[in-house]
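Engineer:
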Amino acid sequence: MRSRVGYTSFIILTPPVILSVILIFWLATQLRHTWAHLPHVLEAQLTAALGREVRIGQLKGGFWSGLEVHDIAIARSDRLSDGVLARVARARVRYSLDAVLQRGVPPLEAIERIELERPWIFVSRDRKGRFNLQEIAEELAKPSKPPKDARPQRFLATVAIRDGTLVFEDHQVRGAPITHHLTGIHLDLDGRAFPLYAVSLRARGDTGRLASVAVHATIDPDRKAYSVLADLEGVQIKPWLAYVPPQVKLPVTPEGGLVDARLSALIEAGKLADYQGRVKVRDVAVRVPQLSQPVSDLDGTFQISPDVATADDLRITAGKLRLSGTATVSGFQKPWVRAHLTATGIEEADVRELIPRLPPFPDVRLGRMDNLRVSVAGPVTAPSATVGFDLTSVARPEATLSDLHVEARLAGLKRLEIDALTAKAAGGTLSATGSLELEGKEPRYAFRGALRGIHLDEINLRERLGENAPSGTISADFEASGAGAAPEV
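My numbering puts the sequence shown at residues 84 to 572.
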């Protein structure tokens with residue numbers, strides 16, 4: 084009695100198919116057995132048909148009123164004592180007896196409506212991707228092969244599931260198997276527009292992975308075509324990392340966070356043809372290899388499609404740094420990122436706590452950084468960045484620079500190319516360009532710039548030059564390079 088649908092679609096239709104088998108046997112056995120014996124007769128026949136023990140508690144109904152079955156239980160393997168595959172507290176089946184008796188319609192097609200109360204089903208997938216329910220499909224396909232010219236079985240009824248539970252044990256993941264639970268399942272399936280099925284589902288998840296799910300879908304099993312609209316709430320990020328293929332190397336390590344999503348997808352011939360969605364992330368934490376502390380409290384709303392994901396309201400905390408901005412990721416096979424972030428009120432100690440690999444700046448004290456602007460572009464594994472910021476001061480024993488403004492380009496955390504630097508110093512001004520190497524025990528730098536209206540009396544040169552320290556006001560062009568606190572000018 085197996086139709087042309089594939090195994091995955093058979094899982095969707097498992098309850099109707101099993102109940103149609105019950106209906107066939109019930110119609111046949113009512114003519115030959117007393118009502119009291121029917122449950123035992125059906126149990127024996129279903130056990131033979133499904134290749135596993137079946138128990139039926141009570142049968143009610145009649146030819147014209149329909150069938151009501153109580154306390155159905157199906158064994159996971161051979162015996163119920165070894166575990167339960169499915170159980171249903173109560174099932175009601177309404178069918179057209181006239182269609183069966185007068186028009187010779189197959190029992191599966193004669194069913195008009197199925198109602199299941201408190202069903203519980205166990206689904207498992209092994210490491211090869213094979214579902215346990217496929218065994219039932221194969222058992223039902225064994226008895227006989229339909230004639231070549233026979234049309235496929237159709238299911239034209241409506242199905243209502245109330246307060247159901249699904250337990251899904253998945254072995255096709257990295258590491259130990261994962262068991263998912265969906266409870267409070269309310270499902271409505273409409274097969275009256277065959278070959279299309281309309282499905283509406285809502286359920287609660289296990290809060291460790293998923294809070295709730297709601298799905299509306301149109302399914303064409305023969306074409307393996309699906310149109311799906313799904314709402315997911317409270318998705319915990321970390322447990323789902325087990326589904327990332329081993330060959331995929333993530334540039335960062337997610338450590339936690341929640342996702343709410345509204346997604347639509349179109350699947351044709353079993354392949355994802357298109358998808359769109361809105362994904363809101365909150366309280367996300369990721370570990371970045373170069374940073375001593377995780378990037379935490381990441382919040383934002385992403386618009387996603389097959390080509391690009393964009394976020395217009397990103398908020399990120401890294402140590403004591405708080406940034407906000409926008410981001411775009413495109414080309415998911417080889418991801419390319421564009422982002423613009425801003426921050427203010429950053430202290431040197433906060434940066435060094437976050438990036439301990441930064442080399443020291445001997446005898447230099449940095450003031451507060453304000454109006455930080457970071458623009459990032461490039462491959463997600465090695466993007467380049469442009470940086471602009473204001474710095475309240477840079478103090479050395481000789482002098483203090485104030486009101487600094489810097490525009491620079493950052494290559495990883497290795498080299499800073501300074502395109503523009505302006506500052507006030509000793510009653511005059513300083514402007515410069517240059518580079519700063521951030522690797523090694525001491526930073527290496529090279530600058531070229533101009534001094535205008537510098538009052539030498541305001542610079543402490545006596546410790547270096549003694550009585551020969553000059554005085555007055557100078558304007559000059561200069562070049563400086565070196566490492567640490569010993570520049571060559």
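No residue lacks a Cβ here, since even glycine has one placed at the ideal position from N, Cα and C.
Below 7 Å CB to CB, which residues in the same chain sit around residue 257 once its five sequence neighbours on both sides are set aside?
Structural biologist: Same-chain partners within the cutoff: 325, 329.
Engineer: Do residue 512 and residue 531 have their beta-carbon atoms positioned less than 8 Å apart in this structure?
Structural biologist: The Cβ-Cβ distance between residue 531 and residue 512 does not fall below 8 Å.
Engineer: Could you work out which residue in 560, 393, 123 is closest to residue 364 when comparing CA atoms only?
Structural biologist: 393
Engineer: Assuming residue 311 and residue 342 make a contact with CB atoms under 8 Å, what is their CB distance in whole Å?
Structural biologist: With 8 Å as the limit, residue 311 and residue 342 do not qualify as a contact, their Cβ atoms being about 17 Å apart.
Engineer: Verify whether the separation of the beta carbon atoms of residue 126 and residue 139 is less than 8 Å.
Structural biologist: yes
Engineer: Could you give the distance in angstroms between the alpha-carbon of residue 368 and the alpha-carbon of residue 550?
Structural biologist: 58 Å
Engineer: Could you give the first and the last residue of the continuous alpha helix (DSSP H) run that contains residue 436?
Structural biologist: 431 to 437
Engineer: Would you check if the region 261 to 280 and the region 238 to 245 touch, i.e. whether three or more CB-CB distances between them fall below 8 Å?
Structural biologist: yes
Engineer: Just to confirm, are residue 176 and residue 194 a CB contact at a threshold of 8 Å?
Structural biologist: yes
Engineer: Exposed or buried, what is residue 333 when buried is set at 16 or more other beta-carbons lying within 10 Å of its beta-carbon?
Structural biologist: exposed
Engineer: Here's the rule I'm using: 16 or more other beta-carbon atoms within 10 Å means buried, otherwise exposed. How should residue 238 be labelled?
Structural biologist: buried
Engineer: Taking only three categories from DSSP, how would you classify residue 219?
Structural biologist: Residue state, collapsed to three classes: helix.
Engineer: Report the rounded CA-to-CA distance for residue 399 versus residue 480, giving the unit in angstroms.
Structural biologist: In a straight line, the C-alpha of residue 399 is about 36 Å away from that of residue 480.
Engineer: Counting only the same chain and skipping the five closest in sequence on each side, list residues whose C-beta sits under 6 Å from that of residue 381.
Structural biologist: Once the five neighbours on either side are set aside, the close Cβ partners of residue 381 are 367, 399.
Engineer: So, with DSSP's three-state summary, where would you put residue 122?
Structural biologist: helix
Engineer: List the endpoints of the continuous beta strand (DSSP E) containing residue 419.
Structural biologist: 419 to 426
Engineer: Contact defined as beta carbons within less than 8 Å: I believe residue 488 pairs with residue 505. What is the distance between those atoms, to the nearest angstrom?
Structural biologist: 5 Å
Engineer: Nearest by alpha-carbon distance to residue 318: which of 307, 296, 305, 304 is it?
Structural biologist: When only C-alpha atoms are compared, the closest one is 296.
Engineer: Give the DSSP-derived three-state secondary structure of residue 454 in the structure shown.
Structural biologist: strand
Engineer: Is the region 422 to 440 touching the region 451 to 460 in the sense that three or more CB pairs, one from each, lie closer than 8 Å?
Structural biologist: yes
Engineer: If distances are taken between C-alpha atoms only, which option among 525, 554, 528 comes closest to residue 79?
Structural biologist: This structure does not reach residue 79, given that the chain is present from 84 up to 572, and the question cannot be answered.
Engineer: By alpha-carbon positions, which one of 373, 409, 372 ends up nearest to residue 384?
Structural biologist: Cα-wise, what sits closest to residue 384 is 409.
Engineer: For residue 561, which three-state DSSP category applies?
Structural biologist: When secondary structure is reduced to three states using DSSP, residue 561 falls in the strand class.
Engineer: Going along the chain, which residues of its own chain have a beta-carbon closer than 6 Å to the beta-carbon of residue 207, five neighbours each way excluded?
Structural biologist: 215, 252
Engineer: Would you kindly check if the distance between the Cβ of residue 197 and the Cβ of residue 174 is under 8 Å?
Structural biologist: yes
Engineer: Taking Cβ positions, are residue 314 and residue 345 nearer each other than 8 Å?
Structural biologist: yes
Engineer: Which residues in the same chain have their Cβ closer than 6 Å to the Cβ of residue 484, if we skip the five residues on either side of it in sequence?
Structural biologist: In chain order, 477, 506, 508 place their CB closer than 6 Å to the CB of residue 484, counting only its own chain and leaving out the 5 sequence neighbours on each side.
Engineer: What do you get for residue 389, buried or exposed, if any count of 16 or more other CB atoms within 10 angstroms of its CB means buried?
Structural biologist: exposed
Engineer: Threshold first: 3 residues or longer. Then list the beta strand (DSSP E) segments lying entirely within the region 473 to 532, N to C.
Structural biologist: 483 to 494, 498 to 508, 511 to 520
Engineer: In angstroms with no decimal places, state the Cα-to-Cα distance between residue 535 and residue 431.
Structural biologist: 28 Å
Engineer: Would you report the Cα separation of residue 205 and residue 168, rounded to the nearest angstrom?
Structural biologist: 5 Å
Engineer: What distance in whole Å lies between the Cβ atoms of residue 163 and residue 192, which are believed to be in contact at a cut-off of 8 Å?
Structural biologist: In fact, because the Cβ distance is near 31 Å, the residues do not count as touching under 8 Å.
Engineer: With distance defined between alpha-carbon atoms, name the residue in 451, 463, 307 nearest to residue 416.
Structural biologist: Proximity to residue 416 across 451, 463, 307 peaks at 463, based on C-alpha coordinates.
Engineer: Quick check: what's the CA-CA separation for residue 519 versus residue 560?
Structural biologist: CA-to-CA, the gap between residue 519 and residue 560 works out to about 19 Å.
Engineer: CA-CA distance, residue 395 and residue 335?
Structural biologist: 21 Å
Engineer: By alpha-carbon positions, which one of 254, 260, 294, 339 ends up nearest to residue 267?
Structural biologist: 294
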